[in-house]
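Participant: Structure in structure tokens, see below.
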Amino acid sequence: MIKFEQFRVKTQEREVLIDITNEINNLVRKYNIKEGVCRIYIPHTTAGITINENADPSVIKDISNYLSKLIPKGGGLGYSFKHGEGNSDAHLKCSLTGHSLDVLIHENKLMLGMWQGIMFAEYDGPRNRRVFVQIQGE
Amino acid sequence: MIKFEQFRVKTQEREVLIDITNEINNLVRKYNIKEGVCRIYIPHTTAGITINENADPSVIKDISNYLSKLIPKGGGLGYSFKHGEGNSDAHLKCSLTGHSLDVLIHENKLMLGMWQGIMFAEYDGPRNRRVFVQIQGE
Amino acid sequence: MIKFEQFRVKTQEREVLIDITNEINNLVRKYNIKEGVCRIYIPHTTAGITINENADPSVIKDISNYLSKLIPKGGGLGYSFKHGEGNSDAHLKCSLTGHSLDVLIHENKLMLGMWQGIMFAEYDGPRNRRVFVQIQGE
Numbered sequence: 001m002i003k004f005e006q007f008r009v010k011t012q013e014r015e016v017l018i019d020i021t022n023e024i025n026n027l028v029r030k031y032n033i034k035e036g037v038c039r040i041y042i043p044h045t046t047a048g049i050t051i052n053e054n055a056d057p058s059v060i061k062d063i064s065n066y067l068s069k070l071i072p073k074g075g076g077l078g079y080s081f082k083h084g085e086g087n088s089d090a091h092l093k094c095s096l097t098g099h100s101l102d103v104l105i106h107e108n109k110l111m112l113g114m115w116q117g118i119m120f121a122e123y124d125g126p127r128n129r130r131v132f133v134q135i136q137g138e
Numbered sequence: 001m002i003k004f005e006q007f008r009v010k011t012q013e014r015e016v017l018i019d020i021t022n023e024i025n026n027l028v029r030k031y032n033i034k035e036g037v038c039r040i041y042i043p044h045t046t047a048g049i050t051i052n053e054n055a056d057p058s059v060i061k062d063i064s065n066y067l068s069k070l071i072p073k074g075g076g077l078g079y080s081f082k083h084g085e086g087n088s089d090a091h092l093k094c095s096l097t098g099h100s101l102d103v104l105i106h107e108n109k110l111m112l113g114m115w116q117g118i119m120f121a122e123y124d125g126p127r128n129r130r131v132f133v134q135i136q137g138e
Numbered sequence: 001m002i003k004f005e006q007f008r009v010k011t012q013e014r015e016v017l018i019d020i021t022n023e024i025n026n027l028v029r030k031y032n033i034k035e036g037v038c039r040i041y042i043p044h045t046t047a048g049i050t051i052n053e054n055a056d057p058s059v060i061k062d063i064s065n066y067l068s069k070l071i072p073k074g075g076g077l078g079y080s081f082k083h084g085e086g087n088s089d090a091h092l093k094c095s096l097t098g099h100s101l102d103v104l105i106h107e108n109k110l111m112l113g114m115w116q117g118i119m120f121a122e123y124d125g126p127r128n129r130r131v132f133v134q135i136q137g138e
């Protein structure tokens, strides 16, 4: 069985990680799969998807904040970004943290680690974004 | 159904992102899958795969250029790379942008976002490279 | 067929890449799959998974060493990490190199490139870690 779903995420800040674990868990439960995989795919070029800690909120803030020090909006390290829209930093951050993610399903459960949350990664918000989800299994 | 395919990419520069969306789309169309996934895998350690904007060519140039400022060929930030071949920067860039990528297939279509292209990421060219593609679906 | 497996990795250093290719290959051989995929997933937030060269050991040392220059333990570039556990650098490195990885299986063989090894990426060891593996195919 292969099922496709999608939902929206409205982001409120330019750079922020948003926990979408509940949304993903609800979709996985809907199909009652014993063994399989949940694929999450972000169809944007300035937003992506990653896994990180969802217990202490300072973790995801540290991640966003330090990424914007490493890759400042206009460029840095003697290089100025050329792309006219002025968001090359967001494009690069996306390629670093990635657009697609697989989470395993085993014995009807999404196999996240104890501290893991699935994080929508916004790098050029605020925007109205889409998340594609595909659930495959038996 | 699970099908394996491969093709070659000849890169002309040391560091460059090359749009291979058309090649991937042609393979996906060949198998006429309704729901499934297209996995792309790069069997190298100094080249990888990523998603980014294929509209304005300055985006992928900004990405390559800024990555080589962050991780210069010989090292930086007080650290000199030890690997004798002198391409540790390329090995690290690969691990950052990744070697494998899933793109979803839904209603016979590769579900790329409007601005997304599938980019072969060369970090130590020019070389003759391979791309593995696996298409799974029903 | 979809099979779930797991094993442990004991890491001895704070930051180190450990070659787990043999462990993965043994699991893949066990199921005698002709065409399929091996998914590797790390259920932690300060350790992940990546592909890189397993021939010259200086490559993976260069990767760990340079990552800790780019993202020092306490912060850098004018930013001090806020997370109380003091390992935000490890959380960020994980999101950069990733938590999930697909390696293709074709004609009963794990399709790694000649120089590729599958590397468990420890960023906050020493710890006793888990690796989830899912093998799907026909």
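Protein chains in written order, with my numbering: chain S, 1 to 138; chain D, 1 to 138; chain Z, 1 to 138. Ideal Cβ positions, reconstructed from N, Cα and C, are used throughout, including at glycine.
1. Among 119/Z, 50/Z, 61/Z, 72/Z, which one has its Cα closest to the Cα of residue 99/D?
2. In the DSSP output, which residue or residues are listed as bridge partners for residue 130/S?
3. Beta-carbon within less than 7 Å of residue 43/Z's beta-carbon, same chain only, minus the 5 sequence neighbours each way: which residues are those?
4. Provide the residue span of the alpha helix (DSSP H) that contains residue 90/S, from first to last.
5. By alpha-carbon positions, which one of 110/S, 126/S, 33/S ends up nearest to residue 21/S?
6. Measuring only the C-alpha atoms, how far is residue 56/Z from residue 92/D?
7. For the stretch 76 to 104 of chain S, which residues have a beta carbon sitting closer than 8 Å to at least one beta carbon of chain Z?
8. When the Cα atoms are used, what is the spatial distance from residue 75/S to residue 84/D?
9. Residue 52/Z and residue 79/D: beta carbons closer than 7 Å?
10. Leaving out five residues before and five after residue 115/D in sequence, what residues of the same chain have Cβ atoms less than 6 Å from its Cβ?
11. As a quick exercise: from 102/S, 137/S, 108/S, pick the residue whose alpha carbon is nearest that of residue 39/S.
12. Pull out every residue of the stretch 28 to 50 of chain S whose Cβ sits closer than 7 Å to any Cβ of chain D, in chain order.
13. Less than 7 Å between CB atoms is the rule here; does residue 145/Z satisfy it with respect to chain S?
14. Note the first and the last residue of the continuous beta strand (DSSP E) segment covering residue 123/D.
15. Name the chain S residues whose beta carbon is nearer than 7 Å to that of residue 132/Z?
16. Closer than 7 Å, CB to CB, is residue 4/Z near chain S or not?
17. Just to check my reading of the structure: residue 120/S and residue 37/S have Cβ atoms closer than 8 Å, yes? What is that Cβ distance to the nearest angstrom?
18. Among residues of its own chain, excluding the 5 on either side of residue 117/S, which ones have a beta-carbon nearer than 6 Å to its beta-carbon?
19. Here's the rule I'm using: 16 or more other beta-carbon atoms within 10 Å means buried, otherwise exposed. How should residue 26/Z be labelled?
20. Could you work out which residues of chain S lie near residue 70/Z, taking near to mean beta carbons separated by less than 8 Å?
21. Just to make sure I have the definition right: I need the residues of chain Z whose C-beta is within less than 8 Å of the C-beta of residue 61/S. Which are they?
22. What whole-angstrom Cβ distance do residue 135/Z and residue 3/Z have, given they're in contact under 8 Å?
23. Which chain D residues are close to residue 66/Z, counting only those with a beta carbon under 9 Å from its beta carbon?
24. Look up residue 60/S in the DSSP assignment and say whether it is helix, strand or coil.
25. Return no unless some Cβ of chain D is closer than 7 Å to the Cβ of residue 52/Z.
26. For a contact meaning CB atoms closer than 8 Å, what does residue 56/Z contact in chain D?
27. Distance, Cα to Cα, residue 88/D vs residue 106/Z?
28. Just to confirm the assignment, what range does the alpha helix (DSSP H) spanning residue 24/Z have?
Facilitator: This is what the structure gives:
1. 50/Z
2. Note: residue 130/S is bridge-paired with 8/S in the DSSP secondary-structure output.
3. 130, 132
4. 88 to 97
5. 110/S
6. Put simply, the backbone Cα of residue 56/Z is about 14 Å away from that of residue 92/D.
7. Under the 8 Å Cβ criterion, the stretch 76 to 104 of chain S contributes 96, 97, 98, 101, 102, 103, 104.
8. Using only the alpha carbons, I get a separation of about 31 Å.
9. no
10. 53, 55
11. Scanning 102/S, 137/S, 108/S for the CA closest to the CA of residue 39/S turns up 102/S.
12. 39, 41, 43, 44, 45
13. Outside the shown range of chain Z (1 to 138) lies residue 145/Z, about which nothing can therefore be said.
14. Residue 123/D -> no beta strand (DSSP E), and no H or E assigned at all.
15. 104, 111
16. yes
17. With 8 Å as the limit, residue 120/S and residue 37/S do not qualify as a contact, their Cβ atoms being about 19 Å apart.
18. 19, 21, 54
19. exposed
20. Residues of chain S passing the Cβ test: 70.
21. 82
22. With 8 Å as the limit, residue 135/Z and residue 3/Z qualify as a contact, their Cβ atoms being about 5 Å apart.
23. 71, 75, 76, 77, 79, 81, 88, 89, 92
24. helix
25. yes
26. Correct list: 83, 84, 85.
27. 29 Å
28. Start and end: 21 to 31.
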